[in-house]
Amino acid sequence: MSFPEPRPQVPQLPQHLLRSIDCQQGAVRAVRFNADGNYILSCGSDKSLKLWSVSRGTLLKTYSGHGYDVLDADGSFDNSQLCSCSSDKSLILWDVATGQVTRKLRGHAGKVNCVQFNEEASVIFSGSLDGTVRSWDTRSRRFEPIQILDEARDGVSSLKVAQHELLTGSVDGRVRRYDLRKGQLHVDFISSPITCVCFSQDGQCTLSSSLDSTVRLLDKSTGEMLGEYTGHKMKGYKLDCCLSGKDTHVLSCSEDGHVYCWDLVEGSLALKLPVGKAVVQSLSFHPTETRLLTSMEGRVQVWGAEPEEEEDEEEAIAT
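Everything in the sequence shown is counted per the UniProt record's numbering, starting at 1 for the first residue and increasing by one.
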């Protein structure tokens, strides 16, 4: 006796606004989840980096030490350290608990657009308008980078680290993938300036967004184009793209106030999420849950697949 196969569940998308946070730090340049997705990092044009609780939307700590806009940030795997980068050409390594500056790293000749820890948080990678990627040892007292990658012919706008691989996107229209163990470089040419790059969760593909209002999915090993996603507007701003937690959907910021979400395989638009009337500057997908962060002007929005009814009811009873 056989039973019919259960229908595969349609993956849910984060389309319910759970909370909107007024960050009070000027324009929010970037918004990021920490490693386990319990905290939010917001990078402000007022030179500050702020740490928030996801579940409550409450401010936990403010980190001040940069001289200009904070452009990107990342948290270490054990949540003990943060790193941030700024238009002031520097990186800062922070102690999460005390809010103190552990190290201030200088060496880039232009504003630093992107920053990320490696898996063990022993190295910080930074990409700059000066066209270089620099790697810094977090455990030594040396203030010089341990490696400088200068293959880009224009500013490095985005980078991602996964195990022993480093992915970078540059204004010269190239996506570069470095195998740090073998010392190999693979280059894919895209004819438009790159604004954001990332790996797929399964590590087989790369995703890149560019100023021709197109997001492209490439096979990592061959460079073959697997998908092109269009419909959003990205002409003059450095905006983020990402993949959903299980690689089912491609998401991108847009200059028309929406986040666009496409089915990865079909390429069809699955969701056009209305965030507001300005440019959606940045986004970040939760590492394990169906949650999304977006930033617009001075606010950060937290989106979920389901509205948080129980908490609302509890709050109503309490009041």
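The beta carbon of each residue, even a glycine, is placed where N, CA and C say it ideally should be.
query: Does residue 295 get closer than 8 angstroms to chain C when you measure Cβ to Cβ?; result: The displayed structure is made up of one protein chain only, and chain C is not part of it.
query: Exposed or buried, what is residue 108 when buried is set at 16 or more other beta-carbons lying within 10 Å of its beta-carbon?; result: buried
query: Is the number of C-beta pairs between the region 253–262 and the region 284–291 that are closer than 8 angstroms three or more?; result: no
query: So for residue 325, helix, strand or coil by DSSP?; result: Limits of the chain in this structure are 1 at one end and 319 at the other, which puts residue 325 out of reach.
query: Just to confirm, are residue 39 and residue 51 a CB contact at a threshold of 8 angstroms?; result: yes
query: Do residue 155 and residue 128 count as a contact pair if the criterion is CB distance below 8 angstroms?; result: yes
query: With burial defined as no fewer than 16 other Cβ atoms inside 10 Å of the residue's Cβ, what is the status of residue 60: buried or exposed?; result: exposed
query: DSSP on residue 166, reduced to helix/strand/coil?; result: strand
query: Give me the residue from 303, 143, 201 with the minimum Cα distance to residue 292.; result: 303
query: Would you tell me roughly how many angstroms separate the C-alpha atoms of residue 94 and residue 266, rounded to the nearest one?; result: 42 angstroms
query: Per the DSSP calculation, residue 30 is bridged to which residue(s)?; result: 43
query: Which residues in the same chain have their Cβ closer than 6 angstroms to the Cβ of residue 35, if we skip the five residues on either side of it in sequence?; result: 75, 77
query: For residue 263, does the three-state DSSP call read helix, strand or coil?; result: strand
query: Which word fits residue 153, buried or exposed, when buried means at least 16 other C-beta atoms lie within 10 angstroms of its C-beta?; result: exposed
query: Compute the Euclidean distance between the alpha carbons of residue 275 and residue 192, then round it to the nearest angstrom.; result: 26 angstroms
query: Assuming contact is defined by CB atoms lying nearer than 8 angstroms, are residue 300 and residue 31 in contact in what I supplied?; result: yes
query: How would you write the range of the beta strand (DSSP E) that residue 304 sits in, first residue to last?; result: 299–304
query: Kindly identify the DSSP beta-bridge partner or partners of residue 137.; result: 123
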